[in-house]
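*Asks:* Residues 0 to 152 (numbering that gives the first Met the number 0) make up the sequence shown, in order.
Virtual Cβ for every residue (Gly too), placed ideally from N, Cα, C.
Remember, it's a predicted structure, so these values are computed and weren't measured experimentally.
A single structure is presented below for examination.
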Amino acid sequence: MKGAAISLAILMVNILVFDGVDAASVRGSAVISVKNGPFAGDYKLDPSYASCMHSKVRANYSMGFKDFNAHGSNVPAEGGMQVFDEDRARNKSGNLTVTFGDPDKIHTTYEISRGTAKLIVKGSAVTMSLEGATDSSIHIIMTVECGELLEVP
Numbered sequence: 000m001k002g003a004a005i006s007l008a009i010l011m012v013n014i015l016v017f018d019g020v021d022a023a024s025v026r027g028s029a030v031i032s033v034k035n036g037p038f039a040g041d042y043k044l045d046p047s048y049a050s051c052m053h054s055k056v057r058a059n060y061s062m063g064f065k066d067f068n069a070h071g072s073n074v075p076a077e078g079g080m081q082v083f084d085e086d087r088a089r090n091k092s093g094n095l096t097v098t099f100g101d102p103d104k105i106h107t108t109y110e111i112s113r114g115t116a117k118l119i120v121k122g123s124a125v126t127m128s129l130e131g132a133t134d135s136s137i138h139i140i141m142t143v144e145c146g147e148l149l150e151v152p
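Okay, structure coming up:
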């Protein structure tokens, strides 16, 4: 269940893009920074393939992306993050998933469970970031600036 919100965010991007709806609720920047390992580098995501969501009932924000034009094994093809406990004043945590390469072919997926998260909410704009390491010690930071949010239960 840990990746349910991330999976939902990726699914929503699929539906909105295929239905011709402007799903670009990511404004400004969405960046994945892999600090070590075979995919080390900074990757700027195309905001038109990303969507941000908020669930007040589940007390979390999430972002999902799916790049339909991602070709090659060293390109982030899909993934997302989820930040928990938006109302807590103290440190926040969250999950992150990033798949490099075509998800239907040979690919590499990195997952971080309960990484350190930051969340800044200013009106309808939200900035969230998550930092952590995978079980194989790959250090990743994802930062995204969201404009409009899709409200989900």
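Within the continuous beta strand (DSSP E) that includes Gly63, where are the two ends?
*Replies:* Taken as a continuous stretch (DSSP letters only), the beta strand (DSSP E) holding Gly63 covers 59-65.
*Asks:* Return yes when the Cβ of Asp101 is within less than 8 angstroms of the Cβ of Ala132, no when it is not.
*Replies:* No. Outside cutoff.
*Asks:* What do you get for Asp134, buried or exposed, if any count of 16 or more other CB atoms within 10 angstroms of its CB means buried?
*Replies:* Asp134 is exposed by the Cβ-count criterion.
*Asks:* Where does Pro75 sit, in a helix, a strand or coil, going by DSSP?
*Replies:* Residue state, collapsed to three classes: strand.
*Asks:* What is the rounded straight-line gap between the Cα of Ser128 and the Cα of Val33?
*Replies:* Cα to Cα, the separation comes out at about 13 angstroms.
*Asks:* Mapping DSSP to helix, strand and coil, what is Ala132?
*Replies:* Three-state DSSP puts Ala132 in a strand.
*Asks:* Starting from Asp41, trace the beta strand (DSSP E) both ways and give me its first and last residue.
*Replies:* Unbroken beta strand (DSSP E) run through Asp41: 40-43.
*Asks:* Would you mind stating whether Phe99 and Val125 have Cβ atoms separated by less than 8 angstroms?
*Replies:* Taking 8 angstroms as the Cβ cut-off, Phe99 and Val125 do not qualify as a contacting pair.
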